[in-house]
Amino acid sequence: MQDTEYVDGLLAFIKNSPTPYHAVEQMAQQLELADFKRLREADAWQLDAKGKYYVTRNDSSIIAFTLVSDPADKGFRMVGAHTDSPCLKVKPTPERVQSGYYQLGVEVYGGVLLNPWFDRDLSLAGRVSYLNSDNDICHSLINFEQAIATIPSLAIHLDREANETHSVNKQQHLPPVVLKLPEDGKGKHGATPEFRDILLKLVQQQNVAAQRVLDYDLGFYDTQSPAVIGLHQDFIASARLDNLLSCYTGLLSLLKSGDGNNSLLVCNDHEEVGSISAVGAQGPFLQSVLQRICGSNEVLARTMDCSLLVSADNAHGIHPNFADKHDANHGPILNQGPVIKLNHNQRYATTCETSSIFRQLCEQADVPVQSFVVRSDMACGSTIGPITASVLGVRTLDVGVPTLAMHSIRELAGRWDGYYLYRVLRELYAQN
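Per numbering that gives the first Met the number 0: the sequence shown = residues 0 to 431.
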């Protein structure tokens, strides 16, 4: 695979994955095309000694794995990532009418960099739960696709200090504008539109026999498509690079690696809010799947002892305008390779043993590698790496593609780094 094919696939994947539900749907489709068999947690599993399988939970987390030998003998080569990204989620009763404008109340999900959300063309996507004609509860993915909302900035004339200090009140300043109501403050049919009625019509347009919307999990997203940018096309600009880039790269590596070893990819939801959920890395999903594969705690313990997990999550590239925010010796540069993330206070799971393994993999794949350590006077973020390592007792390291503007509505990565990471992870999966 050439880098252009990788980049084209990545941009298409991100564009078609505005929410974790859509990302998992995209991944499942690609796994099906590669002859992976879908498993359901409610069923009894009959696994072949050599086979390819995947399973989802809540339709927002997914695990795919291949079996080629006894796991207790050679373990698993595993890659972990997360499907969620910071965004603005619609509240349960979101309708808000202010000065004749119809708005939707939102809740901030994760550590959103808020200012870039203003003056963007926003759409809405996620999952809707509804009653069908048989009075059964069903679920459907929806995506408005077109721009339906915006969060207008306050004009500089009304806020002369905006360029000096611009604090955002999450309750007051973020509700997107979606409609201008007539003078009487009512819609076409003489009443303020009910948001659930709007969703019902959208679901019905998908030839779904929905009778009533019960609830939903919906988030706003930027409609601007991902793009390769720069004078020499050096960068990828996109929403949700953190961490759909790692999901796509891990999936592609798994599909292209052949049958070298027992391999597994896990992509969890809810990392951006702490991972404590039934589908998050601190939940039982991965451990449950591994126990069912291994069959007993004895086999699971032996399997984990000879396994390795690479937690792939974007790293902070050094910002040219804020270089002093980095340790001078550990400022990753875009397009100079994947980053090994280290923290002796265990915010990252990397050890000298696991970092050595990754460096050797990079050499074998002919890929440059960098390292990141946060400044000693700054707090360090974390990933699913330490959480998963503490649950499974598996050797783990944290790596990622260097990124600028992380958690903004539009992030920036090097166009080569994802491809470099793909080559390394493919090498990981292909090893005997």
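Beta carbons are placed, not taken as given, at the ideal position from N, Cα and C, and that holds for glycine.
Counted as a single uninterrupted DSSP element, the alpha helix (DSSP H) harbouring Phe-357 occupies residues 351–364. The straight-line gap separating the alpha-carbon atoms of Ala-236 and Val-167 is approximately 24 Å. In this structure, the alpha-carbon of Asn-206 lies about 26 Å from that of Ser-60. Around the beta carbon of Met-405, 16 or more other beta carbons sit within 10 angstroms, so the residue counts as buried. By the C-beta criterion, the segment 250–267 is judged to be in contact with the segment 26–39, since at least 3 inter-stretch pairs fall below 8 Å. Classified as exposed, Trp-44 has fewer than 16 neighbouring CB atoms from the shown chains inside 10 Å of its CB. Inter-residue distance for Ser-16 and Asn-162 is about 33 Å (C-alpha atoms, whole angstroms).
Inter-segment contact for the segment 382–398 and the segment 77–88 is present: three or more beta-carbon pairs are separated by less than 8 Å. In this structure, the CA atom of Ala-226 is about 18 Å from the CA atom of Trp-116.
Comparing alpha carbon positions, the residue from Leu-38, Arg-39, Tyr-53 and Leu-66 closest to Asp-47 is Leu-66. Residue burial annotation: Gly-273 is exposed, with fewer than 16 other C-beta atoms found within 10 angstroms of its C-beta.
With fewer than 16 other CB atoms across the displayed protein chains lying within 10 angstroms of its CB, Lys-36 is exposed. With fewer than 16 other beta carbons inside 10 angstroms of its own, Thr-92 counts as exposed. Contact fails between the segment 93–104 and the segment 326–337, because fewer than three Cβ pairs, one in each stretch, are under 8 Å apart. Tyr-20 sits away from Glu-271, with the two beta carbons spaced by 8 Å or more. The alpha-carbon of Asp-214 is positioned some 13 Å away from that of Glu-193. Spanning the alpha carbons of Ser-98 and Tyr-53 requires a straight line of approximately 50 Å. Contact between the segment 298–315 and the segment 240–249 is present: 3 or more CB-CB pairs across the two stretches fall below 8 Å. Bridge pairing for Ser-68: absent [DSSP].
Residue pairing by DSSP places Ala-412 opposite Ile-235 and Thr-402 in a beta bridge. Of the candidates Leu-427, Val-278 and Gly-413, Gly-413 places its Cα closest to the Cα of Val-6. For Ile-332, no beta strand (DSSP E) segment is defined, and its DSSP state is neither H nor E.
If you draw a 10 Å sphere on the C-beta of Thr-353, you find 16 or more other C-beta atoms in it, and that means buried. By the criterion of at least three beta-carbon pairs nearer than 8 Å, the segment 112–129 is in contact with the segment 139–158.
With a minimum length of 3 residues, the unbroken runs of beta strand (DSSP E) contained wholly in the segment 153–219 fall at 176–179. Residue pairing for Ala-314: DSSP places it in a beta bridge opposite Pro-401. A distance below 8 Å between beta-carbons, with the five flanking residues on each side excluded, links Asp-34 to the following residues of its chain, in chain order: Lys-51. When only Cα atoms are considered, Thr-18 and Asp-135 end up about 25 Å apart. A straight-line Cα-Cα distance of about 26 Å links Phe-321 and Gln-223. In this structure, Thr-387 lies away from Gly-74, with their beta-carbon atoms at least 8 Å apart. In the DSSP assignment, the residues bridged to Gln-97 are Tyr-100.
Leu-403 and His-318 have their C-alpha atoms spaced approximately 7 Å apart. Distance between Arg-119 and Leu-157, taken at the CA atoms: about 20 Å.
Spanning the alpha carbons of Gln-359 and Gln-281 requires a straight line of approximately 29 Å.
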